[in-house]
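Visitor:
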Amino acid sequence: MDSFNNLMGGFAHALSFANLGWAILGCFLGTAIGVLPGIGPALTIALLLPITYQVSATGAFILFCGVFYGAMYGGSTTSILLNTPGESGSIITSLEGAKMAKSGRAGPALATAAIGSFFAGTIGTLGITFLGPVIVEYALRLGPAEYFCLMVLCFVTVSAVLGGSALRGLTSLAFGLMLGLVGIDLQSGQPRLTFGVTEVLDGVNVVLVAVGLFAVGETLYLAWRHVVGEQVIQPVGSIMLSKADWKRSFWPWMRGAGLGFPFGVLPAGGTEMPTMLSYYAERKLVKPEFAHEFGTTGAIEGVAGPEAANNAAAAGVLVPMLTLGLPTSATAAIMLSAFQSYGIQPGPMLFVQQADLVWTLIASLFIANVMLVVLNLPLVGLWVQILKVPTPQLYAGILVFATIGTYGISNSVTDLVLLYGIGIIAMFMRRFDFPTAPVVIGMILGPMAEQAMRQALVISQGDWTTFLTRPASATLLAIAVLALVGPRIWGLVRR
Amino acid sequence: MMRRRTLLAASLAAPAAIALGRPATAAELFPSLSVFVPAGPGGGWDGLGRAMEQASRAAGLVGTFQFENVGGAGGTVGLPRFVSQKRGRADALFIGGAVMVGAVLANRAPVGLKDVTPLARMTTEPGIIVVPASSEFRDIAGLMAAYRANPGAVATCGGSAGGIDHITLGLMLKTVGRSARDASYVAFAGGGPAQAALLGAQVKAGISGVSEFSEQVKAGRLRALATTGDTRSLDGVPTLKESGIDVVIGNWRGVFGAPGINPAQRAALVDYLTTLHASPQWQDIMTTRGWDDAFLKDEAFADFLRKDETDTLAVLREVGLVT
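Those protein sequences? They're chains A and B, same order as listed.
Following this note's numbering, the numbering of the first sequence begins with 50 at its first residue and continues without gaps.
Following this note's numbering, the numbering of the second sequence begins with 751 at its first residue and continues without gaps.
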């Protein structure tokens, strides 16, 4: 009950007039930058750092947390409406979300994303309050060997997005893996596949690739195949969730939140892996009568699950930061540097030494969540109006939007050349029926899996059995094998 | 509002400055300065630049600041851009440091720190060698003995390969007649994952900046064996030097001017940095942030830079990162 009392004390602080103001401002800013592709919460908070000279620590952190949560809400909006993910956690959302928007279900897709984000954010924040310190101790027992096996498990999810031809799907995956290799290799310090271009020494940005593949690729393809005179204004349809939508969304929200939070807590977890696993799970668990919607008209489960996973993971990321002082994401790292500019050293003692600040912050996360759902649900009606714009103008707008957002990532012209280069490749991929989603999955998982494997092998001095002799790692590998071959064997047995 | 505050600060500073015999603090030295940070906002170099802005404005030394951040590859993406854009500009500053020395060499960058004008080294952060709390290594001598016996068996983690942590390990191994090539060095991206690996005892030892690990050490979750500075950084933790290991290394950060500025312009910038360094506002910020003063200006800084490049190159050669 100690946590509960502390939390109530936190609410007492957070509900002051000034602090609520900071929370509202943060939520607005966060939603806005979440909508823009390229500008993520890390960059925004970094740009806001100078306010730490003027504003009290509590106010500043409430603002930062509002931005952080808001960006997770906003990120789904463009993924669904424009097929342009704003940050890497919402890339998977665009798979089904954009298809729903095309078939006149943009409203329910946005609503399930917003309500799912609220549920998952609240569950995640409850997790921070009551479970965080316990889970993080377990998370520390996982080393690079376990992370590698976790990523192998995630690779199974590729099978859900391979499309009709496995060969084409795997070709796309290989392209993604290759893109992921570009840049300086962490373990050896050597540049790979950079061809002397200094701008790509740090690798190719995954959001840039997703925007290029989905948004630019689709626009170019439409421009190429567009038939004059055949102007279709996309139907908008109902805005709110129907009873059936609620029923279909509820368990994906819960499962997504359950998957997302622990991944967020893992020091090398992040928000991408749980969204992939959640998508895979929903695709496998969907009721047979809705299974055909996946990949065709868009299934609401495929939006609800990954969005919930993304938001719960985002909450989880705060756990290692608050309990141990470990920055496990770019955003957390920036927040830690903000702590330091107040002369607060974040570490294992933070909960004890800065109890007021920490509990006010957690309380303001709950408040921010409520504010965000209140802010975002009415916006759904407004956002879907975008789809009433005629196709040529709409796609021209998407192109402008994608270009500005990409330039915003690093102010680099090289990035724009890459964006359009990848867009042209994606246009041909679409023409010849190659799925684009495996490219993104390969690009996210490939480098992570490679580094984890090599770290594990350096630690074991080159002994490959390390993946089998560690119990957690062996278990994860077994689950991965089961997930890959299980459904096929089951199919054979039943026949 | 801001202007009034600046004036107020300046008028308060003036009598104090005269008393100290440094009338320069009273007057604005530059109406505006543009600061080029070759890293994203929020990092160490950005932090130094913004802290300079904060102190300079509070002390009334500079009117306005403009910042430009071009991040990537240890500063080697931003460096050529600064050199080509700001050549001959007397009001342009460039933030850099130890990381860039290694990155320029390892990435075989065509533009290096020789192409900018060294002005002053401002801060430094010594490294720290830690082991998990449950480790069998009680002191640095024990760890060094294990390195001497078989460096491959002591998995050691730190930042990216060829970075300052890796170089520290290389220099330490050299003192026991081993080479960085024999080591099991596990590179992690960023301090978070490296700390997690140490807290979970996935690796045997770790090297990073003192501030990364100091809170874990104070909480008893990691054991500090030694720090790499000239003097002690943490109470009760010896330096490598006093433990008989002849290695002194730190992650220094400094300020450079544009290429092609004349000696008078360079002197003006050095004067500004000297005044800034002496200001109480700057000393306050250093205390708050926990930064170590490493002020070294002009030719002394340039000499230090040459030595740092030679040392770094030697270790990178040994590791095989540079041929």
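Note that CB positions come from ideal geometry on N, CA and C, so glycine has one too.
Ala1050 (chain B): buried (16+ other C-beta within 10 angstroms of its C-beta) or exposed?
Guide: Against the second sequence, residue 1050 (chain B) aligns to sequence position 300. Exposed, by the Cβ-count rule.
Visitor: Between Ile473 (chain A) and chain B, is any beta-carbon pair separated by less than 7 Å?
Guide: Along the first sequence, one-based indexing puts residue 473 (chain A) at 424. No, Ile473 (chain A) lies away from the interface with chain B (no Cβ there is under 7 Å from its Cβ).
Visitor: Let's test the definition: count the other Cβ atoms within 10 Å of the Cβ of Pro901 (chain B) and tell me whether it reaches 16, buried, or not, exposed.
Guide: The residue labelled residue 901 (chain B) in the question sits at position 151 within the second sequence. Result: buried.
Visitor: Under 8 Å Cβ to Cβ from Leu257 (chain A), same chain only, skipping five residues before and after it: list those, please.
Guide: Sequence index remark: in the first sequence, residue 257 (chain A) carries index 208 (1-based). Excluding positions up to five away in sequence, the list reads Gly87, Thr455, Ile458, Asp464, Leu467, Leu468, Ile471.
Visitor: Determine whether the beta carbon atoms of Leu334 (chain A) and Leu308 (chain A) lie at a separation below 7 Å.
Guide: Within the first sequence, numbered from 1, the residue matching residue 334 (chain A) stands at position 285. Within the first sequence, numbered from 1, the residue matching residue 308 (chain A) stands at position 259. No, Cβ-Cβ distance for Leu334 (chain A) and Leu308 (chain A) is not below 7 Å.
Visitor: Expressed to the nearest angstrom, what Euclidean distance is found between the alpha-carbon atoms of Asn254 (chain A) and Pro496 (chain A)?
Guide: Position 205 of the first sequence, counted from the first residue, corresponds to residue 254 (chain A). Position 447 of the first sequence, counted from the first residue, corresponds to residue 496 (chain A). Rounded to whole angstroms, Asn254 (chain A) to Pro496 (chain A) spans 12 Å at the Cα level.
Visitor: Of the choices A:Gly135, A:Ala160, A:Glu145, whose alpha-carbon is the least far from that of Val423 (chain A)?
Guide: As a working mapping, residue 423 (chain A) is identified with position 374 in the first sequence. Among A:Gly135, A:Ala160, A:Glu145, the Cα nearest to that of Val423 (chain A) belongs to A:Ala160.
Visitor: Could you tell me which of A:Thr243, A:Pro182, A:Gly170 sits nearest to Leu373 (chain A), measuring between CA atoms?
Guide: Within the first sequence, residue 373 (chain A) is the residue found at index 324, counting from 1. Considering only alpha carbons, the answer is A:Pro182.
Visitor: Inspect the CB distances between the region 225 to 236 of chain A and the region 405 to 413 of chain A and report whether three or more fall short of 8 Å.
Guide: The region 225 to 236 of chain A is not in contact with the region 405 to 413 of chain A.
Visitor: Would you mind stating whether Ala823 (chain B) and Gly912 (chain B) have Cβ atoms separated by less than 7 Å?
Guide: What you label residue 823 (chain B) is simply residue 73 of the second sequence in a count that begins at 1. What you label residue 912 (chain B) is simply residue 162 of the second sequence in a count that begins at 1. Against a cut-off of 7 Å, the Cβ pair of Gly912 (chain B) and Ala823 (chain B) comes out as no contact.
Visitor: Thinking C-alpha only, which one of B:Asp796, B:Gly797, B:Val785, B:Ala805 is nearest Glu778 (chain B)?
Guide: Numbered from 1 along the second sequence, position 28 holds the residue referred to as residue 778 (chain B). Comparing Cα-Cα distances from Glu778 (chain B) to each of B:Asp796, B:Gly797, B:Val785, B:Ala805, the minimum goes to B:Ala805.
Visitor: Among B:Ala946, B:Lys1047, B:Pro876, which has the Cα closest to the Cα of Thr978 (chain B)?
Guide: As a position in the second sequence, residue 978 (chain B) is number 228, starting the count at 1. Considering only alpha carbons, the answer is B:Pro876.
Visitor: Report the option in B:Leu798, B:Leu783, B:Gly959, B:Ala1064 whose CA atom is closest to the CA atom of Arg1003 (chain B).
Guide: Numbered from its first residue, the second sequence carries residue 1003 (chain B) at position 253. When each option's Cα is compared against that of Arg1003 (chain B), the closest is B:Leu798.
Visitor: Taking CB distances under 7 Å as the criterion, tell me whether Asp251 (chain A) reaches chain B.
Guide: The residue labelled residue 251 (chain A) in the question sits at position 202 within the first sequence. With 7 Å as the cut-off, Asp251 (chain A) counts as an interface residue toward chain B.
Visitor: Rounded to whole angstroms, what's the CA-CA distance from Thr546 (chain A) to Met149 (chain A)? Just pull it up for me.
Guide: Limits of chain A in this structure are 50 at one end and 544 at the other, which puts residue 546 (chain A) out of reach.
Visitor: DSSP three-state call for Pro876 (chain B): helix, strand or coil?
Guide: Mapped onto the second sequence, residue 876 (chain B) falls at position 126. Residue state, collapsed to three classes: strand.
Visitor: Classify Ile129 (chain A): buried if its beta carbon has 16 or more other beta carbons within 10 angstroms, exposed otherwise.
Guide: In the first sequence, residue 129 (chain A) corresponds to position 80, counting from 1. Buried.
Visitor: Would you call Asn27 (chain A) buried or exposed, if buried means 16 or more other Cβ atoms sit within 10 Å of its Cβ?
Guide: Here chain A covers residues 50 to 544 and nothing more, so residue 27 (chain A) does not appear.
Visitor: Using C-beta distances below 6 Å, list every residue in its chain close to Asn460 (chain A), excluding the 5 sequence neighbours before and after it, in chain order.
Guide: Walking along the first sequence from the start, residue 460 (chain A) turns up at place 411. Same-chain partners within the cutoff: there are none.
Visitor: How about Thr1038 (chain B): is its C-beta nearer than 7 Å to some C-beta of chain A?
Guide: Within the second sequence, the letter at position 288 stands for residue 1038 (chain B). Output row for Thr1038 (chain B): interface = yes.
Visitor: Please report how far the alpha carbon of Val401 (chain A) lies from the alpha carbon of Asn360 (chain A), in whole angstroms.
Guide: Here residue 401 (chain A) is taken as the residue at index 352 of the first sequence, counted from 1. Here residue 360 (chain A) is taken as the residue at index 311 of the first sequence, counted from 1. Straight-line Cα distance between these residues: approximately 27 Å.
Visitor: Tell me which residues share the same chain as Cys907 (chain B) and place their Cβ nearer than 7 Å to its Cβ, disregarding the 5 neighbours each side in the sequence.
Guide: For this step, residue 907 (chain B) is matched to residue 157 along the second sequence. Hits under 7 Å: Val936, Phe938, Ala944, Ala947, Leu948, Val953, Gly956.
Visitor: Given that Val588 (chain A) touches chain B, what residues does it touch there, using C-beta distances under 8 Å?
Guide: Residue 588 (chain A) lies beyond the residue range present for chain A, which begins at 50 and ends at 544; the question has no answer from this structure.
Visitor: Just the Cα atoms here: how many angstroms apart are Gly138 (chain A) and Val314 (chain A)?
Guide: Along the first sequence, one-based indexing puts residue 138 (chain A) at 89. Along the first sequence, one-based indexing puts residue 314 (chain A) at 265. Distance between the alpha carbons of Gly138 (chain A) and Val314 (chain A): 15 Å.
Visitor: Do you know whose CA, among B:Arg831, B:Leu972, B:Ala896, lies nearest Val926 (chain B)'s CA?
Guide: The residue labelled residue 926 (chain B) in the question sits at position 176 within the second sequence. Comparing Cα-Cα distances from Val926 (chain B) to each of B:Arg831, B:Leu972, B:Ala896, the minimum goes to B:Ala896.
Visitor: Sorted by chain position, which residues of the same chain lie with C-beta nearer than 6 Å to Ala859 (chain B)'s C-beta, five sequence neighbours on each side aside?
Guide: Position 109 of the second sequence, counted from the start, is the residue given in the question as residue 859 (chain B). Thr826, listed in sequence order.
Visitor: Flag this pair as yes or no: are the beta carbons of Arg971 (chain B) and Pro397 (chain A) separated by less than 7 Å?
Guide: For the purposes of this step, residue 971 (chain B) is taken as residue 221 along the second sequence, with counting starting at 1. For the purposes of this step, residue 397 (chain A) is taken as residue 348 along the first sequence, with counting starting at 1. A contact, by the Cβ cut-off of 7 Å.
Visitor: Skipping 5 residues on each side, what residues in its chain have a beta carbon closer than 6 Å to that of Gly261 (chain A)?
Guide: Residue numbering aside, residue 261 (chain A) sits at position 212 when the first sequence is read from its first letter. Excluding positions up to five away in sequence, the list reads Leu468, Ile471, Gly472.
Visitor: Taking 8 Å as the cut-off, does the region 427 to 447 of chain A touch the region 212 to 220 of chain A (at least 3 CB pairs, one atom from each stretch)?
Guide: Verdict: no, contact absent.
Visitor: Interface residues of chain B around Gly192 (chain A) at Cβ under 7 Å?
Guide: Taking the first sequence and counting its residues from 1, the one referred to as residue 192 (chain A) is at position 143. What Gly192 (chain A) touches in chain B: Ala947, Gly950, Gln952.
Visitor: With 7 Å set as the bound, which would you pick, yes or no: does the beta-carbon of Ser237 (chain A) sit closer than that to a beta-carbon of chain B?
Guide: If you number the first sequence from 1, residue 237 (chain A) lands on position 188. Answer yes: the Cβ-Cβ gap between Ser237 (chain A) and chain B drops below 7 Å somewhere.
Visitor: Would you verify that the beta carbon of Ala501 (chain A) is, or is not, closer than 7 Å to some beta carbon of chain B?
Guide: Residue numbering aside, residue 501 (chain A) sits at position 452 when the first sequence is read from its first letter. No - not a single Cβ of chain B is within 7 Å of the one on Ala501 (chain A).
Visitor: What did DSSP end up calling Ala81 (chain A) once you bin it into helix, strand or coil?
Guide: As a position in the first sequence, residue 81 (chain A) is number 32, starting the count at 1. If DSSP states are grouped into helix, strand and coil, Ala81 (chain A) belongs with the helices.
Visitor: If we call anything under 7 Å between Cβ atoms a contact, is Pro323 (chain A) one with Ala362 (chain A)?
Guide: Taking the first residue of the first sequence as position 1, residue 323 (chain A) is located at position 274. Taking the first residue of the first sequence as position 1, residue 362 (chain A) is located at position 313. Closer than 7 Å, so yes.
Visitor: Name the DSSP beta bridge partners of Pro868 (chain B), please?
Guide: Position 118 of the second sequence, counted from the first residue, corresponds to residue 868 (chain B). Partner(s): B:Phe1006.
Visitor: Reducing DSSP to helix, strand and coil, say where Ala1001 (chain B) ends up.
Guide: In the second sequence, residue 1001 (chain B) corresponds to position 251, counting from 1. Checking the sequence shown, residue 1001 (chain B) turns out to be Asn, not Ala. Strand at Asn1001 (chain B).
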